[in-house]
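In this text, residue positions in the sequence shown follow this note's numbering: the first is 14, and each later residue adds one. By construction, the Cβ of each residue, glycine as well, lies at the ideal position given by its N, Cα and C atoms. Each remark here refers to the structure printed beneath this line.
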Amino acid sequence: MKQQNIIILLLVFLLNTAAYSQISAEKAQEDLANTVFKESKENVKLISFEKEDGVKKLKNGISYYSIKFIGEVQFLKNGQIQVMPFLNSAKNSFLDIMDNNGDFYPNGGLFKLVNKDETLNVEGNIQYLKTESGWKVKTILIAIKENQK
Numbered sequence: 014m015k016q017q018n019i020i021i022l023l024l025v026f027l028l029n030t031a032a033y034s035q036i037s038a039e040k041a042q043e044d045l046a047n048t049v050f051k052e053s054k055e056n057v058k059l060i061s062f063e064k065e066d067g068v069k070k071l072k073n074g075i076s077y078y079s080i081k082f083i084g085e086v087q088f089l090k091n092g093q094i095q096v097m098p099f100l101n102s103a104k105n106s107f108l109d110i111m112d113n114n115g116d117f118y119p120n121g122g123l124f125k126l127v128n129k130d131e132t133l134n135v136e137g138n139i140q141y142l143k144t145e146s147g148w149k150v151k152t153i154l155i156a157i158k159e160n161q162k
């Protein structure tokens, strides 16, 4: 009887530990791909993803998990993008592809022309929040990586 209780307690502990484990790279990639495609109004897609690091934090009794990543995105239309976000501007601003009607002002490198099928390296961070129903995306910050191919 004692042995059964020990086994049951061990199973409960293992299930509880699994429920609070880190987010898989596959889950993070799926969440990032969906966000990129949706925020870009289906004009940019994630084509590669690599998890660089992850860290779990507990703040005010709430569990967070942050994933640092690098990857590559592909543009599905021609236009211009905001490479460096302005202060107080929307996060992930490069995902808003503006039509290029001949008026392009690079403005000190803040904007960049992109062509359909062009790819750029990106980097960023995904922060998850632990809820009763599992890990949920809290924020995704993504930016063009400085060193391009």
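Reduced DSSP secondary structure (H/G/I, E/B, other) of residue i
i	result
N47	helix
N29	Note that N29 scores a pLDDT of 47, beneath 50, so its modelled location is shaky and nothing firm can be said.
L59	strand
K40	helix
E145	coil
L123	coil
Contact under 8 angstroms by Cβ, residue i with residue j
i	j	result
F82	E136	yes
E39	I60	no
K125	V96	yes
I36	F107	no
E65	N105	no
N6	N91	Outside the modelled stretch of the chain, which goes from 14 to 162, sits residue 6, for which no answer is possible.
K143	I75	yes
I110	N56	yes
Q93	V49	no
Own chain, CB closer than 7 angstroms to residue i, minus 5 neighbours either side, in chain order
i	result
Q140	Y77, S79, K151, T152
F62	Q42, L45, F82, G84
K129	F88, L89, K90, N91
Start and end residues, beta strand (DSSP E) containing residue i
i	result
E85	75–88
Q95	92–95
E131	Neither: E131 is in no beta strand (DSSP E) and is coded neither H nor E.
Proximity test, Cβ basis, 8 angstroms: residue i and chain D
i	result
I110	Structure shown: chain D not included; a single protein chain is present.
Neighbourhood of residue i by C-beta distance below 8 angstroms, restricted to the same chain and skipping five residues each side
i	result
E131	Q87, F88
K70	S76, Y77, Y78, S79
G67	Q35, I36, Y78, S79, I80, K81
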